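In the working numbering, the protein residues as written are 14 to 361.
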Ligand SMILES: Cc1cc2nc3c(=O)[nH]c(=O)nc-3n(C[C@H](O)[C@H](O)[C@H](O)COP(=O)(O)OP(=O)(O)OC[C@H]3O[C@@H](n4cnc5c(N)ncnc54)[C@H](O)[C@@H]3O)c2cc1C
């Protein structure tokens, strides 16, 4: 009989692990708390069908495992557009500084049709009956020779092995382990930073790339506006246009309508009144129950990512941590999510 493996979390790490297991004639059930796969990867389509990234967007030549997975799945990467005048706003009462990014620099890549394509391509390789959405894991209990996984919906899944592919702080706050995890482990879980938790990403869709026509790259860094960092978000085919970037943390307390108003005001002052007429504006504050735990004790970025205790197995070799925050290198990034999955796959 095939080993029963339950993967908690249907983000990049969980789906990569499920894909690797399936490819090697093993079976795994992916249990995902939210109503969609992808976790911190989420691509929207604008009304003009522009792929708009609310979550993970960029990668580079350093991300070898991600690049091979993209190739293996037949997906296409392309460089982030950066040609033209970029802007740096140091003070609100001074004009922005203008600079050019040299083309020779190592490029940042994006995925054609959006990062969600990676998630969809992985999910397509899995048997749909092995994916359970809207199913939050609440308990993992040692049971006879295996583990019993319980969900908020009252489901009980029997497993020989369980892999936790969710931010470690959520494993600590949302899942009751019986017997409990060693104290040293439960003590560190709230202090493992979830990369990008709390950040606010916005996307804008435009009918025309008015900034490119004025020789702007669309790249903006600001110390004084609501937009702190922004990039051109034109698609691979270069026929759908937009921007994406990050807002300053304080913007979380404004309504989305107010955030949009401030973003458009800042951009119109910098690049012209055309900025005031987008086809769409969306943003997302990444601080929901699928990312962040209320009892977290985090004081710095990447805190305890790749911690040695996350490399160990528990419950007599039946329970494992995966997910990008457990990766010893590139923890927090998409590359880390894939590395963590590969690492656990080799232990299965
Ligand atoms: C705004 C933003 C921008 C980013 N930009 C980049 C970038 O440009 N480049 C890059 O490399 N990385 C970026 N990242 C990071 C990247 O998104 C992550 O490294 C990667 O997606 C993590 O994958 P994961 O599978 O480890 O975790 P996640 O994507 O967090 O997946 C975990 C899954 O577990 C689910 N879950 C949570 N609790 C439970 C439970 N109790 N039971 C069942 N399921 C549960 C969640 O709903 C989620 O789907 C960004 C992240 C954000 C938020």
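By construction, the Cβ of each residue, glycine as well, lies at the ideal position given by its N, Cα and C atoms. On a predicted model such as this, the values are computed, not experimentally measured, just so you know.
{"query": "Would you grab the beta carbon distance between residue 318 and residue 344 for me? Rounded to a whole angstrom, and I think it's under 8 angstroms.", "result": "3 angstroms"}
{"query": "Round the Cβ separation of residue 360 and residue 333 to the nearest angstrom and send it over; I've been treating them as touching at under 8 angstroms.", "result": "7 angstroms"}
{"query": "Report all residues from its chain with a CB closer than 6 angstroms to the CB of residue 145; omit the five preceding and five following residues, and keep chain order.", "result": "44"}
{"query": "Any idea if residue 313 is buried or exposed, counting beta-carbon neighbours within 10 angstroms, 16 or more meaning buried?", "result": "exposed"}
{"query": "Between the alpha carbons of residue 47 and residue 95, how many angstroms are there, rounded?", "result": "35 angstroms"}
{"query": "For residue 53, list the residues DSSP reports as bridge partners.", "result": "DSSP lists no partner for residue 53."}
{"query": "Excluding sequence positions up to five away, which residues of its chain have a Cβ less than 6 angstroms from the Cβ of residue 163?", "result": "151, 152, 169"}
{"query": "Roughly how many whole angstroms lie between the Cα atoms of residue 174 and residue 329?", "result": "10 angstroms"}
{"query": "Can you tell me which residues form a DSSP beta bridge with residue 203?", "result": "According to DSSP, residue 203 bridges with nothing at all."}
{"query": "Pair every Cβ in the segment 18-34 with every Cβ in the segment 340-356, then say whether three or more of these pairs are closer than 8 angstroms.", "result": "yes"}
{"query": "Please classify residue 102: does DSSP put it in a helix, a strand, or coil?", "result": "strand"}
{"query": "Look at residue 231 and residue 219 and say whether their C-beta atoms are less than 7 angstroms apart.", "result": "no"}
{"query": "By how many angstroms is the C-alpha of residue 113 removed from the C-alpha of residue 92?", "result": "16 angstroms"}
{"query": "Compare the C-alpha of residue 132 against each of 236, 300, 55, 263 and name the closest.", "result": "55"}
{"query": "Put residue 32 into one of helix, strand or coil per three-state DSSP.", "result": "helix"}
{"query": "What residue from 138, 292, 36 has the CA that sits closest to residue 216's CA?", "result": "292"}
{"query": "Can you name the residues that DSSP bridges to residue 214?", "result": "259, 297"}
{"query": "Using a 10 Å radius around the Cβ and a threshold of 16 neighbouring Cβ atoms, would you call residue 38 buried or exposed?", "result": "exposed"}
{"query": "Would you grab the beta carbon distance between residue 265 and residue 298 for me? Rounded to a whole angstrom, and I think it's under 8 angstroms.", "result": "5 angstroms"}
{"query": "On the premise that residue 50 lies in contact with residue 357, defined as a C-beta separation below 8 angstroms, what is that separation, rounded to the nearest angstrom?", "result": "Residue 357 to residue 50, Cβ: 18 angstroms. No contact."}
{"query": "Look at residue 100 and residue 283 and say whether their C-beta atoms are less than 7 angstroms apart.", "result": "yes"}
{"query": "What residue range is occupied by the uninterrupted alpha helix (DSSP H) comprising residue 354?", "result": "347-360"}
{"query": "Whose CA, out of 246, 336, 355, 273, lies closest to the CA of residue 70?", "result": "246"}
{"query": "Which same chain residues end up closer than 6 angstroms to residue 249 when comparing Cβ atoms and leaving out the 5 residues on each side of it in sequence?", "result": "91, 125"}
{"query": "Exposed or buried, which one is residue 148 when buried takes at least 16 other CB atoms within 10 Å?", "result": "buried"}
{"query": "With burial defined as no fewer than 16 other Cβ atoms inside 10 Å of the residue's Cβ, what is the status of residue 227: buried or exposed?", "result": "exposed"}
{"query": "Cα separation between residue 6 and residue 33?", "result": "As shown, the chain starts at 14 and ends at 361. That puts residue 6 outside it, with no answer to give."}
{"query": "Comparing alpha-carbon positions, which option in 240, 307, 191, 235 lies nearest residue 108?", "result": "235"}
{"query": "Can you check which of these residues, 323, 252, 262, is closest to residue 242 by C-alpha distance?", "result": "262"}
{"query": "From the DSSP output, in three-state form, read off residue 226 for me.", "result": "helix"}
{"query": "Taking only the alpha-carbon atoms, compute the straight-line gap between residue 354 and residue 210 and give it to the nearest angstrom.", "result": "21 angstroms"}
{"query": "Where does the unbroken beta strand (DSSP E) through residue 20 begin, and where does it stop?", "result": "17-21"}
{"query": "Where are the beta strand (DSSP E) runs, 3 residues long or more, that stay fully inside the segment 103-167, in chain order?", "result": "110-112, 122-124, 150-156, 159-164"}
{"query": "What residues in its chain sit with their C-beta under 7 angstroms from that of residue 285, if we drop five residues either side in the sequence?", "result": "223, 227"}
{"query": "Do residue 160 and residue 21 have their CB atoms nearer than 7 angstroms?", "result": "no"}
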